[in-house]
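A short worksheet on the structure shown next.
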Amino acid sequence: MGILARKSIRFRIMSIYVLIIITMFIGLIASVSNQNKIIREYDHFARNNTNLSALPVKINQSAQNFEQYLRGRDPNVLVEYYLVNKEIEGILESIRYDIINDRNSSMYFRALRNMQAYQQEAAEEIFCSEVLDIKVYIQFSYLRNLYTYMNREAQMLTFSYLDYSTAEYAKLLYSSKDIEKNMYMIVTVFGLISIGFAVALSKGIFRTMDEICVTATQLSSAQWEIPDIKTNPFSELNMVADAFNNMKKNIKRYIEELNAKAEVEIQLSHEKLMNVEKDKLLQESQLLALQMQMNPHFLFNTLNMIGRTAMLEDTDNTVLLIESISEILRYNLESKGKMVPIEKEISALRAYTFIQQMRFQERMHFEFKCTADLQGVCIPPMILQPIVENSIIHGLEDKKRGGKVFITIERERSYLKIIMGDNGKGIEENKLKGILSSAMDAAETGQKTSMGISNVKKRLALNYKRENLIAIQSQPGIGTTVTIYLPMKEAMGND
């Protein structure tokens with residue numbers, strides 16, 4: 001089975017995640033659907049009970065309208081009588097199909113509906129009678145008694161339907177509990193299956209990693225004759241294994257070449273070349289060390305913010321935050337301590353300020369302005385972000401809103417002038433005098449907030465081999481401005 005036929009660790013982990021998510025999603029849908037069904041039935045029963053509780057009142061109101069119309073023959077009263085009877089019929093019709101399975105409620109319903117139909121017919125006959133004779137009077141007396149019976153039947157129907165709806169709702173709750181119990185069982189089974197897959201995957205990964213670690217330990221002890229690492233079921237770890245195997249072969253070949261050229265190298269001015277190489281390596285190591293001091297702190301803050309944004313389900317901002325941190329990390333990895341085009345530095349700074357803008361919201365905003373031609377200009381990587389970071393953490397730490405950080409790039413004779421400032425609390429005079437001194441280096445380096453201005457000063461001096469390339473102006477309560485002067489000749493010549 002070739003490496004292309006093997007599934008990657010990412011694919012297997014994603015498969016487990018998808019299985020868990022699908023199981024949880026199905027369980028959630030089933031639970032929500034079950035709850036919605038209970039809520040709908042409850043609302044239906046509650047609405048019918050509310051309507052039935054108003055039925056006796058409507059019957060009494062119909063009786064009052066009937067008698068009032070006979071006394072005064074007011075057309076408005078007659079209209080109201082018809083409207084009330086229509087409401088009574090609507091209430092009865094609303095529960096007609098709900099009580100089919102309930103014997104008692106059906107009995108009261110039929111009796112009340114027949115009474116309602118009869119009282120409407122009798123009332124129409126009385127309304128149409130021009131003379132109130134003994135026959136009409138008898139019918140009128142009968143209707144008065146009928147309204148009493150209708151009221152009693154309405155109350156009995158209300159009580160009967162209440163008992164019926166309560167029993168039906170109890171059955172529904174019992175059924176929903178069974179559904180939830182089965183759903184939880186299914187989710188648990190699939191969850192255990194997913195855990196089993198995850199445990200099996202972890203064991204396979206750890207076993208393969210142990211084999212690679214053993215081989216790496218042997219290679220670190222200069223055991224170049226050991227067998228190659230065998231292929232494994234994981235494509236990513238196969239890449240690591242191939243890298244170790246190739247490294248072993250390359251080192252063996254390199255050692256053989258070194259031994260073959262040993263006599264030639266001895267004849268060269270070894271000491272002088274070594275000194276030059278030593279100085280160069282020292283300079284590069286200092287640059288890399290200084291550049292990497294910022295990464296742990298910044299990553300910690302940004303990843304926390306991305307986590308909070310994702311928890312709030314703000315998908316768009318989460319994507320933008322991830323793209324911004326990716327831009328910064330890509331820039332860090334690609335620069336490797338060398339000179340980089342200033343456009344890339346500014347692009348990384350914009351990504352950084354976007355992250356900080358999302359973090360602090362209305363507490364501060366950022367302004368960029370560039371009037372100089374930046375084509376072909378290269379600068380040391382990550383020299384702008386530390387100063388902006390100091391403005392945010394130290395200068396604007398007490399600002400609740402209205403904070404401002406500005407970045408201006410312009411040309412001044414033979415220098416590229418980069419101005420960065422804020423409207424924060426400023427720096428005290430005695431502290432300002434010591435910031436650029438070597439005595440402050442250790443203190444600033446030990447802080448967890450940022451690399452600090454001293455770090456930037458040292459990197460500028462190492463790259464351009466001159467001092468006084470950075471200046472600070474500050475007034476307590478007004479703000480701080482940091483200006484960097486980049487020699488255009490060196491900046492254009494370092495690519």
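Note that UniProt numbering has the sequence shown beginning at 1, numbered continuously upward. Ideal Cβ placement from N, Cα and C applies to all residues, glycine included. Since the structure is predicted, the reported quantities are computational estimates derived from the model, not experimental observations.
Original post:
What are the boundary residues of the beta strand (DSSP E) that includes A471?
Top reply: Mapped onto the sequence shown, residue 471 falls at position 471. Here the beta strand (DSSP E) through A471 covers I470 to Q475.
Original post:
Leaving out the 5 sequence neighbours to the left and right, which residues in its chain are closer than 7 Å to P487 when beta-carbon positions are compared?
Top reply: Counting from 1 along the sequence shown, the entry for residue 487 is found at position 487. For P487, where only same-chain residues beyond five positions count, the Cβ hits under 7 Å are S414, Y415 and Y464.
Original post:
Would you say I29 and L55 are within 7 Å of each other, going by their C-beta atoms?
Top reply: Here residue 29 corresponds to residue number 29 of the sequence shown, with the count starting at 1. Here residue 55 corresponds to residue number 55 of the sequence shown, with the count starting at 1. With respect to the 7 Å criterion, I29 and L55 are not classified as neighbours on the basis of their beta carbons.
**OP:** Could you check if E345 is buried or exposed, using at least 16 other CB atoms within 10 Å of its CB as the buried criterion?
**Re:** The residue labelled residue 345 in the question sits at position 345 within the sequence shown. E345 is buried by the Cβ-count criterion.
Original post:
Counting along the chain, where does the beta strand (DSSP E) carrying H365 start and finish?
Top reply: What you label residue 365 is simply residue 365 of the sequence shown in a count that begins at 1. From DSSP, the beta strand (DSSP E) with H365 extends over M364 to C370.
Original post:
Can you pull the DSSP bridge partners for C128?
Top reply: Along the sequence shown, one-based indexing puts residue 128 at 128. Bridge partners of C128: none, in fact.
Original post:
Can you tell me where the beta strand (DSSP E) with R411 in it begins and where it stops?
Top reply: As a working note, residue 411 is residue 411 in the sequence shown. Boundaries of the beta strand (DSSP E) around R411: G403 to E412.
Original post:
Out of curiosity, what's the CA-to-CA distance linking D43 and G27?
Top reply: Residue mapping note: residue 43 aligns to position 43 of the sequence shown, counting from 1. Residue mapping note: residue 27 aligns to position 27 of the sequence shown, counting from 1. Cα atoms of D43 and G27: separation of roughly 24 Å, rounded to the nearest angstrom.
**OP:** May I ask you to verify whether the region 161-168 touches the region 69-78, counting CB pairs closer than 8 Å and requiring at least 3?
**Re:** Three or more beta-carbon pairs separated by less than 8 Å are not found between the region 161-168 and the region 69-78, which leaves the two stretches without contact.
Subject >> Residue of Y118, E257, E412 and E362 minimising C-alpha distance to T371 >> reply: Within the sequence shown, the letter at position 371 stands for residue 371. Comparing C-alpha distances from T371 to each of Y118, E257, E412 and E362 shows the shortest one belongs to E412.
**OP:** Leaving out five residues on either side along the sequence, give the residues of the same chain with a beta carbon under 6 Å from the beta carbon of S335.
**Re:** Taking the first residue of the sequence shown as position 1, residue 335 is located at position 335. Contacts found: P381.
Original post:
Is DSSP giving P227 helix, strand or coil here?
Top reply: In the sequence shown, counting from the first residue as 1, residue 227 sits at position 227. Correct three-state label for P227: coil.
**OP:** Could you work out which residue in Q475, P386 and L374 is closest to K489 when comparing CA atoms only?
**Re:** The residue labelled residue 489 in the question sits at position 489 within the sequence shown. Considering only alpha carbons, the answer is L374.
**OP:** Closer than 6 Å by C-beta to D279: which residues in its own chain qualify, once you throw out the five before and the five after it? Chain order, please.
**Re:** Numbered from its first residue, the sequence shown carries residue 279 at position 279. In this predicted model, D279 has a pLDDT of only 49, less than 50, meaning its place in the structure is not dependable; the value taken from the coordinates is given anyway. Within the same chain, no residue comes within 6 Å of D279 by CB-CB distance, once the 5 residues on both sides are set aside.
Original post:
Residues bridged to V482 by DSSP?
Top reply: Position 482 of the sequence shown, counted from the first residue, corresponds to residue 482. Under DSSP, V482 takes part in a beta bridge, and its partners are M420 and I472.
**OP:** Count the other CB atoms, across all protein chains shown, that sit within 10 Å of the CB of Y142; report buried if there are 16 or more and exposed otherwise.
**Re:** Residue mapping note: residue 142 aligns to position 142 of the sequence shown, counting from 1. Classification for Y142: exposed.
**OP:** Please state if the CB of F197 and the CB of I16 are separated by a distance shorter than 7 Å.
**Re:** Position 16 of the sequence shown, counted from the first residue, corresponds to residue 16. Position 197 of the sequence shown, counted from the first residue, corresponds to residue 197. Less than 7 Å divides the Cβ of I16 from the Cβ of F197.
Subject >> Own chain partners of Q475 with C-beta closer than 6 Å, once the 5 adjacent residues on each side are dropped >> reply: Residue 475 sits at position 475 when you count from the first residue of the sequence shown. These residues qualify, in order along the chain: G426.
Original post:
In chain order, what residues of the same chain lie with their CB nearer than 6 Å to the CB of I325, ignoring the 5 residues before and after it?
Top reply: As a working mapping, residue 325 is identified with position 325 in the sequence shown. Excluding residues within five positions, the ones whose Cβ falls inside 6 Å are T302.
Subject >> Boundaries (first-last residue) of the alpha helix (DSSP H) holding H44 >> reply: Taking the first residue of the sequence shown as position 1, residue 44 is located at position 44. I9 to S53 is the span of the alpha helix (DSSP H), which, as asked, contains H44.
Original post:
Between the region 392-400 and the region 357-368, are three or more C-beta pairs nearer than 8 Å?
Top reply: Touching, per the Cβ criterion.
**OP:** Hey, could you find the ends of the alpha helix (DSSP H) R459 is sitting in?
**Re:** Within the sequence shown, numbered from 1, the residue matching residue 459 stands at position 459. Here the alpha helix (DSSP H) through R459 covers I453 to Y464.
Subject >> Cβ neighbours of V84 in the same chain (closer than 7 Å, five flanking residues each side left out) >> reply: For the purposes of this step, residue 84 is identified with residue 84 of the sequence shown, where counting begins at 1. If you ignore the 5 residues before and after V84, its C-beta comes within less than 7 Å of the C-beta of K58, Q61, S62 and N65, all in its own chain and listed in chain order.
**OP:** Give the secondary structure of I325 by DSSP, where H, G and I count as helix, E and B as strand, and everything else as coil.
**Re:** Position 325 of the sequence shown, counting from 1, holds the residue named residue 325. I325: helix per DSSP, three-state reduction.
Original post:
Just reading off the alpha helix (DSSP H) that Y147 is part of, what are its end residues?
Top reply: The residue labelled residue 147 in the question sits at position 147 within the sequence shown. Residues I134 to S220.
Original post:
Sorted by chain position, which residues of the same chain lie with C-beta nearer than 8 Å to I9's C-beta, five sequence neighbours on each side aside?
Top reply: Taking the first residue of the sequence shown as position 1, residue 9 is located at position 9. Cβ within range, chain order: L201, I205, F234, S235, E236 and L237.
Original post:
In three-state DSSP terms, what is Y254?
Top reply: Your numbering for residue 254 matches position 254 in the sequence shown. Three-state DSSP puts Y254 in a helix.
**OP:** Determine, using beta carbons only, whether A262 and V377 come nearer to each other than 7 Å.
**Re:** Position 262 of the sequence shown holds residue 262. Position 377 of the sequence shown holds residue 377. Remark: C-beta atoms of A262 and V377 do not approach each other more closely than 7 Å.
**OP:** Look at the alpha carbon of Q139 and the alpha carbon of C128, and state the distance between them as a whole number of angstroms.
**Re:** Position 139 of the sequence shown, counted from the first residue, corresponds to residue 139. Position 128 of the sequence shown, counted from the first residue, corresponds to residue 128. Computed Cα separation, rounded: 13 Å.
**OP:** Rounded to whole angstroms, what's the CA-CA distance from S106 to S194? Just pull it up for me.
**Re:** By 1-based counting over the sequence shown, the position of residue 106 is 106. By 1-based counting over the sequence shown, the position of residue 194 is 194. Distance between S106 and S194, taken at the CA atoms: about 53 Å.
Original post:
DSSP three-state call for I379: helix, strand or coil?
Top reply: Residue numbering aside, residue 379 sits at position 379 when the sequence shown is read from its first letter. In this structure, I379 counts as strand in the three-state DSSP scheme.
Original post:
Between Y485 and the rest of its own chain, which residues show a CB-CB distance below 7 Å, the 5 nearest in sequence each way excluded?
Top reply: Here residue 485 refers to the residue found at position 485 when the sequence shown is read from its first residue. In the same chain as Y485, and ignoring 5 residues on each side of it, the C-beta atoms closer than 7 Å to its own belong to Y415, K417 and L469, in chain order.
Original post:
Among all the DSSP beta bridges, which residues are the ones paired with Y415?
Top reply: For the purposes of this step, residue 415 is taken as the residue at position 415 of the sequence shown. Its beta-bridge partners are E412 and P487.
Original post:
Is M364 closer than 7 Å to V388 when the C-beta atoms are compared?
Top reply: As a position in the sequence shown, residue 388 is number 388, starting the count at 1. As a position in the sequence shown, residue 364 is number 364, starting the count at 1. Between V388 and M364, the gap from beta carbon to beta carbon reaches 7 Å or more.
Subject >> Element boundaries [alpha helix (DSSP H), containing R350] >> reply: Mapped onto the sequence shown, residue 350 falls at position 350. DSSP places R350 inside the alpha helix (DSSP H), whose first and last residues are I342 to F360.
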